[in-house]
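Below: the structure, in structure tokens.
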Amino acid sequence: MDEAELLFTNILGCRRQDLYRNKKAVLNKEQSVLLAGALKQRISGRPLQYILSQADFFGFQFKVTPDVLIPRPETEILVETAIKYARDKRAEVRILDIGTGSGCIAVSLAKLLPQARIFATDISVKALEVAGENARLHNVIDKINFSCADLFPSCDSPYDLIVSNPPYIASGEIEQLQLEVRQEPRLALSAGIDGLDFYHKIIPQAGGYLKTNGYLLMEIGFGQRKKIEKIFQNSPNFEIIEIIKDYSGIDRIMVAKNG
Ligand code: GLN
-13 MDEAELLFTN
-3 ILGCRRQDLY
7 RNKKAVLNKE
17 QSVLLAGALK
27 QRISGRPLQY
37 ILSQADFFGF
47 QFKVTPDVLI
57 PRPETEILVE
67 TAIKYARDKR
77 AEVRILDIGT
87 GSGCIAVSLA
97 KLLPQARIFA
107 TDISVKALEV
117 AGENARLHNV
127 IDKINFSCAD
137 LFPSCDSPYD
147 LIVSNPPYIA
157 SGEIEQLQLE
167 VRQEPRLALS
177 AGIDGLDFYH
187 KIIPQAGGYL
197 KTNGYLLMEI
207 GFGQRKKIEK
217 IFQNSPNFEI
227 IEIIKDYSGI
237 DRIMVAKNG
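At position 30 of the sequence shown (counting the first as 1) the number is 16 in the working numbering, and the numbers step up by one without a gap.
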């Protein structure tokens, strides 16, 4: 749906096709006030997903607030890839999602992988509240352990998969981003001078949390592939086994195996 359709289906409480069927529909007073308020916010640069408190991801609807990153279509490729690797494993699959934000990755995996046990961390308590709410909305709260942690949780046994869409924007680039993106939490976007802080933190530690033959799957930013490959070369236990491009042909998902 485009933005206008999303706005109207929300305000009228109808489906997309109903907008075109009922061409004579007139907004009542309450709906007009809602529409005017929403348009005012949108014109001032507020992302529509924050105005409506909802975002679509992987065909599911998620609650979002300005405390969490708005889920992006590229991240759906990370979920798709995680599902592919998790299906290789037979017994209960243990998956860790680092920096869960809205919980879009953790909740989608919990819904689509009946045999999975998901662990999800975030440093932001407010983000974890949103993620917890999304897990409840999607009836997977009993399949996900959320914890407030700076990347890795305290854990008793290793994981089969670690997935993460960490912040990867260089601090100097934040001010040049679209007005809408600048309203998303800095904590979820900004990653030091070269945008690589979180790869430097996650990759060297991840091996200690993964089973042998476990996988680390990460989303990466535009032009970061070669530099991240170098970080992997310094963590000799990992072998990069797949790099997947997004819909614009940009290297977007890296998969490494823990040897
Ligand atoms: N995991 C969440 C997402 O992919 C949040 C990511 C982040 O805040 N960097 O949307």
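Every residue, glycine too, gets a C-beta built ideally from N, C-alpha and C.
Closest Cα partner of residue i within the set the options
i: GLY194; options: LEU165, ASP146, ALA174; result: ASP146
i: MET(-13); options: GLN164, ALA41, ILE229; result: ALA41
i: ASP248; options: GLY200, ASN223, ALA242; result: The structure shown does not extend to residue 248, since the chain is modelled only from -13 through 245, so no value can be given for it.
i: ASN223; options: ILE229, GLY245, ILE206; result: GLY245
i: LEU55; options: ASP108, GLN27, LEU196; result: ASP108
i: ILE104; options: ILE127, ASN120, ALA174; result: ILE127
i: ASN117; options: GLY181, GLN47, THR198, GLN17; result: It is worth fixing the name first, because residue 117 is Ala in this sequence and not Asn. Comparing Cα positions, the closest option is GLN47.
Local Cβ density within 10 Å of residue i, reported as buried at 16 or more and exposed below that
i: SER88; result: buried
i: PRO57; result: buried
i: LEU99; result: buried
i: LEU82; result: buried
i: ARG172; result: exposed
i: TYR233; result: exposed
i: ARG238; result: buried
i: CYS90; result: buried
i: ASP142; result: exposed
i: ASP53; result: buried
i: ILE29; result: exposed
i: LEU163; result: exposed
i: VAL111; result: exposed
i: ASN120; result: buried
Strand pairing of residue i, partner residues [DSSP]
i: GLN40; result: LYS49
i: ILE63; result: Paired residue(s): none; ILE63 is not in a bridge.
i: ARG103; result: ARG80
i: ALA117; result: Beta-bridge pairing links ALA117 to no other residue.
i: GLU205; result: ILE239
Cβ distance (whole Å) where residue i is taken to contact residue j below 8 Å
i: MET204; j: ILE226; result: With a Cβ gap of about 11 Å, MET204 and ILE226 do not count as contacting.
i: ILE189; j: ALA156; result: Not confirmed; about 18 Å, so no contact.
i: LEU(-7); j: LEU34; result: 7 Å
i: PHE138; j: GLN191; result: 6 Å
i: PHE184; j: PRO152; result: 4 Å
i: ILE84; j: SER150; result: 4 Å
i: LEU175; j: GLY31; result: Their Cβ separation, rounded to whole angstroms, is 16 Å, which puts LEU175 and GLY31 out of contact at 8 Å.
i: VAL65; j: ALA102; result: The Cβ separation is near 12 Å, so there is no contact.
i: ALA242; j: PHE208; result: Not really, about 20 Å apart at Cβ, beyond 8 Å.
i: LEU95; j: ALA135; result: About 18 Å separates the two Cβ atoms, so there is no contact after all.
Which residues are close to the ligand GLN, meaning CB closer than 6 Å to any heavy atom, in chain order? LEU55, PRO57, THR61, GLY85, THR86, GLY87, SER88, CYS90, ILE91, ASN151, PRO152, PRO153, ALA174
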